[in-house]
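Engineer: Once you've had a glance at the structure underneath, I'll fire off some questions.
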Amino acid sequence: MMTFNSDSEAPDVAEPNGNSAISVVPRPNSDSDSDDSVQAVRRLLDAHRGDRHLVLLQDFPDPDALSSAWAYKLIAASYKIECDIVYAGTLSHQENIALVRLTGLPARRWLSAADNSHLGDYQGLVLVDNQGTTSQLYEHLREAGLPLVLVIDHHAPQSKLDAEYIDLRPHIRATATILTEYLQQGLLNLDRNNSKHTKCATALMHGLRADTNQLMHAGASDFMAAAYLSQFYDGQLLSAVLQASRSKRVMDVIERSLRNRKVQNNVSIAGVGYLRYDDRDAIPQAADFLVTEENVHTAVVYGIVHDEDEEREVVIGSLRTSKITLDPDEFIKEAFGQDSEGRFFGGGRSMAGGFEIPVGFLSGFYENSEYNRHKWEVFDTQIKQKLWRLVNPEEGMINTD
Ligand SMILES: [Mn+2]
C-alpha cells in the first residue's frame, strides 16, 4: 500500500561529527529520529492522497491535542487529504473552550458512539496525542473496520498498536513539538499572511506551553519548536486564550481538594466526591494547584464524574509531580494495575498522569442519597489504599479518614 517516493526535498541528515564541532543545543533537523519520522509521514501522506481521515482525540482534549490535530489537518490538506477532528467527551477546561472559540479550531464532539452512518466516509483513522486508550470511541471505530493509519503521540506506550506508521516519542514533552517539527521540516510552509496559519501556530504555542508547565519543563526540542512558532503566532490572541477565567463550580472542586487533602511523604492526595461531566477538567486543575504546596512534590486528585445524559459514572484522577525521578506512567500503572482485559486504568507522560476507573454496575446518581455516600466511601477508600501502599510501603493499609 505504501509507496516509497524519493524525497529530494528532504534535509540532509549527515552532520560532521569531528572533534572541531562545538557543542551546541541540537537543532531539531539534526535529530535523526525526527528526520526519519518526517520522511515516513511524508511518504504516508503521499500514499493516501485523496483519502479522508478521522482524527481522534482523547475524550477530554487538551490544548496539546487540539492544536496538534489542527496542524495535522492543515498539513494533510496540502496532500489532498481531508480530515475531521473529533472527540467523544467534552471540552471542559475554560482555556480549551476559549482556544476553540477564539481560533475557530475545527474540532467537534462525536455525538453517538453507536452512530456508524458516517463511518463509510473515512478511509483511515489517525490518533493524535493519544494511543486510543483515553477515547471511548477507539475500540468502536476499530471494530467498525476503520484502519489505523497514523499515531502521533508523546505518551509512554500504552498498548500494542497496528498502525501503518507510529511516531511515538515519549522523550518529547508535547505532541505540538512533534507537529511543529513537521512544519519546520517542510511538510507545510506556514505563511504569516494566512490567518488560519497564524491561528494554528498560536494554538500550537499554547499546546506546547500547556504540556511543559509554561516551558518550565520544556526540553531543547520544545524550545526550538517554540522559537520557530514565535515567527508566526499571535501574542495577543494567546493572551486572550490564557485569560479565560474559571467557573464557580471549578473553584468549588479546587476548594474541596484543598479541604480533603492528606499529605504523607511529600505526596498530597485528595478525593473530591462527585462532579458533573462538564466540570471534569476541574480535577487536573485541582492537582495543578495542590502540587504547589510547600514540601509537596506530587499531588493526586480524583472524583466520580457522572454523565447525566448517559447515566454513566467513572472515577477520574489526575497526578501532577515536580519530582524528576517519579515516572507518572509507572506510578499509575503500578498503583491501579490492569482491568480483566489487560488494559491499564491509566498512564502518563513526563510530570503528569491520569486514570479512569469505570463505576460500571454501581453507576447511578441519586440526589442526596445514602447510596451516593456509600459508593463514594468505597471508591475513596480503595483508591487511597492503592495510592498509600505505593507512597508508604511500610505502613501497608492505613486508616483513610
Ligand atoms: Mn500532550
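Numbers in this note's numbering are just positions in the sequence shown, counted from 1, shifted up by 301. Every residue gets a Cβ at the ideal spot worked out from N, C-alpha and C, and that includes glycine.
Take residue 639 and list the residues in its own chain whose beta-carbon comes closer than 6 Å to its own, dropping the five residues that flank it on each side.
Structural biologist: Here the set comprises 645.
Engineer: Kindly give me the distance between the Cβ atoms of residue 571 and residue 530, rounded to whole angstroms, as I take these residues to be in contact under 8 Å.
Structural biologist: 35 Å between Cβ atoms; not a contact.
Engineer: Express the C-alpha separation of residue 657 and residue 455 in angstroms, rounding to a whole number.
Structural biologist: In a straight line, the C-alpha of residue 455 is about 19 Å away from that of residue 657.
Engineer: Is the beta carbon of residue 406 sitting closer than 7 Å to the one on residue 371?
Structural biologist: Yes; because the gap between Cβ atoms is below 7 Å, this pair is in contact.
Engineer: Closer than 6 Å to a non-hydrogen atom of ligand 1 - does that hold for the CB of residue 365?
Structural biologist: Indeed, a heavy atom of ligand 1 lies less than 6 Å from the Cβ.
Engineer: Just to confirm, is the Cβ distance from residue 350 to residue 422 under 7 Å?
Structural biologist: No, the Cβ-Cβ distance between residue 350 and residue 422 is not below 7 Å.
Engineer: What are the complete alpha helix (DSSP H) segments, minimum 4 residues, inside the stretch 514-549?
Structural biologist: 521-530 and 536-543, all fully within the stretch 514-549.
Engineer: Identify whether residue 344 lies in helix, strand or coil by the three-state DSSP scheme.
Structural biologist: Helix, per DSSP.
Engineer: At which residue ranges does the stretch 628-684 contain complete alpha helix (DSSP H) runs of 4 or more residues, listed in the order of the chain?
Structural biologist: As far as the stretch 628-684 is concerned, its whole alpha helix (DSSP H) runs of at least 4 residues are 629-637.
Engineer: Can you name, in chain order, every residue of its own chain whose Cβ lies under 7 Å from the Cβ of residue 624, other than the five neighbours on each side?
Structural biologist: The answer, listed in chain order, is 598 and 599.
Engineer: Which same chain residues, not among the five before or five after residue 691, have their C-beta less than 8 Å away from its C-beta?
Structural biologist: 632, 635 and 636, listed in sequence order.
Engineer: To which residues does DSSP link residue 468 through a beta bridge?
Structural biologist: The partner list for residue 468 (beta bridge, DSSP) reads 453.
Engineer: Helix, strand or coil for residue 322 per DSSP?
Structural biologist: With a pLDDT of 38 at residue 322, under the threshold of 50, the predicted position of this residue should be treated as unreliable, though the coordinate-derived value follows. Residue state, collapsed to three classes: coil.
Engineer: Taking residue 379 as part of the alpha helix (DSSP H), name the residues at either end of that continuous run.
Structural biologist: First-last for residue 379: undefined, no H or E at that position.
Engineer: Using the Cα positions of residue 672 and residue 492, report the straight-line distance between them to the nearest angstrom.
Structural biologist: Spanning the two alpha carbons is a distance of roughly 58 Å.
Engineer: Which residue marks the beginning of the alpha helix (DSSP H) containing residue 483, and which one marks its end?
Structural biologist: Looking at the DSSP string, the run of the alpha helix (DSSP H) that includes residue 483 is 476-485.
Engineer: Three Cβ pairs or more, each shorter than 8 Å: is that satisfied between the stretch 356-368 and the stretch 463-479?
Structural biologist: Yes: the two stretches touch, three or more of their Cβ pairs being nearer than 8 Å.
Engineer: What is the DSSP secondary structure of residue 354, reduced to helix, strand or coil?
Structural biologist: Of the three classes helix, strand and coil, the one that applies to residue 354 here is strand, per DSSP.
Engineer: Does ligand 1 have a heavy atom nearer than 6 Å to the CB of residue 476?
Structural biologist: Checking every heavy atom of ligand 1 against the Cβ of residue 476, one is found closer than 6 Å.
Engineer: Helix, strand or coil: how does DSSP classify residue 385 here?
Structural biologist: Correct three-state label for residue 385: strand.
Engineer: Beta carbon of residue 512: closer than 6 Å to some heavy atom of ligand 1?
Structural biologist: Yes, since a heavy atom of ligand 1 falls inside the 6 Å radius drawn around the Cβ of residue 512.
Engineer: With a threshold of 6 Å, establish whether the CB of residue 430 neighbours any heavy atom of ligand 1.
Structural biologist: Checking every heavy atom of ligand 1 against the Cβ of residue 430, one is found closer than 6 Å.
Engineer: With burial defined as no fewer than 16 other Cβ atoms inside 10 Å of the residue's Cβ, what is the status of residue 419: buried or exposed?
Structural biologist: Per the 10 Å Cβ criterion, exposed.
Engineer: Mind checking whether residue 498 and residue 652 have CB atoms under 7 Å apart?
Structural biologist: No; because the gap between Cβ atoms is not below 7 Å, this pair is not in contact.
Engineer: Taking the alpha-carbon positions, what's the residue 630 to residue 619 distance?
Structural biologist: Their Cα atoms are separated by approximately 11 Å.
Engineer: Should residue 606 be labelled buried (16 or more other beta-carbon atoms within 10 Å of its own) or exposed?
Structural biologist: Buried, since its Cβ has 16 or more Cβ neighbours within 10 Å.
Engineer: Using the rule of at least 16 other Cβ atoms within 10 Å of the residue's Cβ for burial, across every protein chain shown, is residue 667 buried or exposed?
Structural biologist: Exposed, by the Cβ-count rule.
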